[in-house]
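A.B. asks: Numbering-wise (full-length UniProt numbering), the sequence shown opens with residue 1 and increments by one.
Can you read through this structure? Questions will come right after.
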Amino acid sequence: MDQHQAISAFGALAQDTRLAIVRMLVKAGPLGMAAGSIAESAGAAASNVSFHLKDLEHAGLVSSRREARSIIYSANFETLRGLISFLMKDCCGGHPEICDPVQASARCVPVSKKTRRKERV
1 MDQHQAISAF
11 GALAQDTRLA
21 IVRMLVKAGP
31 LGMAAGSIAE
41 SAGAAASNVS
51 FHLKDLEHAG
61 LVSSRREARS
71 IIYSANFETL
81 RGLISFLMKD
91 CCGGHPEICD
101 PVQASARCVP
111 VSKKTRRKER
121 V
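Here it is as structure tokens:
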């Protein structure tokens, strides 16, 4: 990730609703969430959420796919990892052990498929 991409991603995340949507999609995992479920969970109008999702998609933070009549949005984990790596690249002035707690707290906790299905409904 270069500086221009990082600025675009941080700009997209610098808004309450968009940050909440990305966090929601990270929790949902690769299965993602339908746009209507995102709007419901965010407590926002579908048109408002659609605007935010387009901004997040433009920044490369989320991707969409069509499933039947729904548009499913997922976090773009590759871009998110790139953003984190961009921040941590020059971490700690030659003392990488300082970053260990950050790396440990960022490890994924597996979510069962059953739990993911409940979140999508």
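Cβ atoms here follow ideal geometry from the backbone N, Cα and C, with glycine treated the same way.
Since we're looking at a predicted model, the values are computed, not measured.
1. Check Arg65 in the structure and name its three-state DSSP category.
2. Do Val49 and Arg34 count as a contact pair if the criterion is CB distance below 8 angstroms?
3. Is Leu87 near Val62, with beta carbons less than 8 angstroms apart?
4. From the DSSP output, in three-state form, read off Arg117 for me.
5. Do you know offhand how far Leu56's Cα is from Arg65's?
6. Identify every residue that forms a DSSP beta bridge with Ile71.
7. For Leu31 and Ser70, what's the separation of their Cα atoms in angstroms?
C.D. replies: Taking the geometry as given:
1. As a first step, residue 65 is located in the sequence shown; it is residue number 65 there, counting from the start. In the structure shown, Arg65 sits in a strand (DSSP, three-state: E or B).
2. Residue numbering aside, residue 34 sits at position 34 when the sequence shown is read from its first letter. Residue numbering aside, residue 49 sits at position 49 when the sequence shown is read from its first letter. Reading the sequence as shown, one finds Ala at residue 34 and not Arg. It is not a contact, given that the beta carbons lie outside the stated cut-off.
3. Numbered from its first residue, the sequence shown carries residue 87 at position 87. Numbered from its first residue, the sequence shown carries residue 62 at position 62. No, the pair does not count as a contact, with Cβ atoms beyond the cut-off.
4. The residue labelled residue 117 in the question sits at position 117 within the sequence shown. For Arg117, the predicted structure reports a pLDDT of 44, less than 50, and the residue's modelled location is therefore unreliable. The matter cannot be settled from this model.
5. In the sequence shown, the residue the question calls residue 56 occupies position 56. In the sequence shown, the residue the question calls residue 65 occupies position 65. C-alpha separation (whole angstroms): 14 angstroms.
6. What you label residue 71 is simply residue 71 of the sequence shown in a count that begins at 1. Bridge partners of Ile71: Arg66.
7. Counted from its first residue, the sequence shown places residue 31 at position 31. Counted from its first residue, the sequence shown places residue 70 at position 70. In a straight line, the C-alpha of Leu31 is about 13 angstroms away from that of Ser70.
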